């Protein structure tokens, strides 16, 4: 079973329409909504975990794109500044997805972007603000 | 004092360092060496054990002299990037505390505050070569007529800059838990409710004072790794408590000894001095410190061979007990358990996380080992040992 977490940005014309439900009905793809919000300019923002056959997910993503939905993997919007991070581990006690974890016995703090759900809890917890999230940028800001 | 079978002096060890013959290992490496060979044989073979710690360390800061401008000024209040510094020293001498937040910081008005910038960040910016805005106001005197001055400074511009930390290198510290039913934001990090996680802040077997638990080899004048450069121990630190409860191996199992350290800021680096923002608590500073322990006899060798499994600390509640002087702990745990990622408190498994970087502590111990091996860094004979202070 293939599973990935995506950030979807819905243009304002689509943010009030039922689109995601079709993923189950037509594409046999299960979804888990990790975050959903409407931004000030009426664009929709959603963080979704999609689970299903790889081909079905690809087709489902194409379907979403046909509505003008922009799709990114969470790993492209959350990053760790490795120059700032000093490998303390304060984030590892807070990360609910175990995307930030300690590799033993080295005690190195690892960031596994595939596991990251984009919740952003690590951002204020990091003592040196090494975690950066650009989730709340509007679609237009991203295009600019 | 009991008789030792092996005795060495710092002068003898230095002679070996100069000849390139000294055997230097890190505190992590020493664990296995003592376990396999015993302390006596380890004392014969090993000359110096290097330690390291890189962690948020409150009670750190810098004395800066920013030079006169014309007309001259006797600065009464001074800000660096809007972070207030203490100016009641002399005309252009200030002390910038690492834990001082920027003056316009919203603090905890919207809880929990972010505390994005403070004295520690100013020191890090200076070390990174960045320009820092300095503002000074004064009441004006005949000899210092100016009443207001603003200029941009860099570390290179400053006539003098000295890192002076009244309390670093806590010898052991509490492991923090939150037994209340809401998330709390502390100097030990963010603690989830009902004991969901614990945070600790010591590098364990790599930590300087856990390798010389009775402070018998270091003291006033001991040369150390400080902030990426060299510095010196100048006294024990504030809150130094040598009488804390100890195990049979002499390591304390409660917060105990501390060090006061200082060094020339200009030869340090932003990689080893970092501004810290503790959500809901405040700003502070992370400092990299490494202390070389001379293996003077088998007793010291035994101490430096201590392992994470043999160093204990207590789990303390930070939602109520710690702030109300309640002397109660919920578990006694070893650093081996803490570093495993999970401990048991009241029969329940709890996730552990560290505020102290073991990766960087190890790097410091390795850098210090290489400095000594190359002959560049010799040990200094303390003018007064900390155990005699």
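Chains as they are written, first to last, in the numbering used here: chain A, 1 to 144; chain H, 145 to 533. For each residue, glycine too, the CB sits at the ideal point set by N, CA and C. Values in this document were obtained by computation on a predicted structure and should not be read as measured data.
Problem - Residues of the region 48-79 of chain A with Cβ closer than 7 Å to any Cβ of chain H, in chain order - result: none
Problem - Cβ of residue 107 of chain A within 8 Å of any chain H Cβ - result: yes
Exercise for the section: With 8 Å as the threshold, decide whether the Cβ of residue 12 of chain A is near any Cβ in chain H. Expected result: no
Practice task
Using a Cβ cut-off of 8 Å, pull out every chain H residue sitting near residue 90 of chain A, in sequence order please.
Solution key: 333, 334, 343, 497, 498 and 499
Practice task
Using DSSP bridges, identify the partner residues of residue 515 of chain H.
Solution key: Residue 515 of chain H is not bridged to any residue.
Handout entry: Chain-ordered neighbours of residue 502 of chain H on chain A, where CB pairs are closer than 7 Å
Key = 107
Exercise for the section: Residues of the region 116-130 of chain A with a CB closer than 7 Å to any CB of chain H: list them in chain order, please. Expected result: 124, 125, 127, 128 and 129
Handout entry: Cutoff 8 Å: residue 140 of chain A Cβ touching any chain H Cβ
Key = Unreliable positioning characterises residue 140 of chain A in this predicted model, as indicated by a pLDDT of 47, which lies under 50. The coordinate reading is nonetheless provided below. With 8 Å as the cut-off, residue 140 of chain A does not count as an interface residue toward chain H.
Problem - Three-state class that DSSP yields for residue 106 of chain A in the structure shown - result: coil
Exercise for the section: Please look up how many angstroms separate the CB atoms of residue 176 of chain H and residue 263 of chain H, rounded, as I've assumed it's under 8 Å. Expected result: Rounded, the Cβ-Cβ distance is 40 Å, inconsistent with contact.
Problem - Inter-residue spacing [alpha-carbon to alpha-carbon] between residue 139 of chain A and residue 70 of chain A - result: Residue confidence for residue 139 of chain A is low, a pLDDT of 48 falling below 50, so the modelled location carries little weight; the figure read from the coordinates is stated next. Computed Cα separation, rounded: 8 Å.
Problem - Cα-Cα separation between residue 291 of chain H and residue 35 of chain A, rounded to whole angstroms - result: 54 Å
Handout entry: Backbone secondary structure at residue 504 of chain H - three-state DSSP
Key = helix
Exercise for the section: List the residues that DSSP assigns as beta-bridge partners of residue 280 of chain H. Expected result: H/222 and H/293
Practice task
Count the other CB atoms, across all protein chains shown, that sit within 10 Å of the CB of residue 473 of chain H; report buried if there are 16 or more and exposed otherwise.
Solution key: buried
Practice task
In the DSSP assignment, find the alpha helix (DSSP H) that holds residue 57 of chain A and state where it starts and stops.
Solution key: 54-65
Problem - Range covered by the alpha helix (DSSP H) that runs through residue 122 of chain A - result: 122-125
Practice task
For the beta strand (DSSP E) holding residue 227 of chain H, just list the boundary residues, first then last.
Solution key: 227-229
Problem - Neighbour-count burial assignment, residue 287 of chain H, 16 or more Cβ in a 10 Å radius - result: exposed
Practice task
Examine chain H for any beta-carbon lying closer than 8 Å to the beta-carbon of residue 87 of chain A, and answer yes or no.
Solution key: yes
Exercise for the section: Grab me the residues of residue 377 of chain H's own chain with a C-beta within less than 8 Å of its C-beta, minus the 5 sequence neighbours each way, in chain order. Expected result: 362, 363, 364, 365, 366, 368, 403, 404, 405, 435, 526 and 530
Exercise for the section: Determine the direct distance from the alpha carbon of residue 45 of chain A to that of residue 9 of chain A, and round the result to whole angstroms. Expected result: 5 Å
Exercise for the section: Figure out for me which residue from H/461, H/317 and H/285 has the closest Cα to the Cα of residue 351 of chain H. Expected result: H/317
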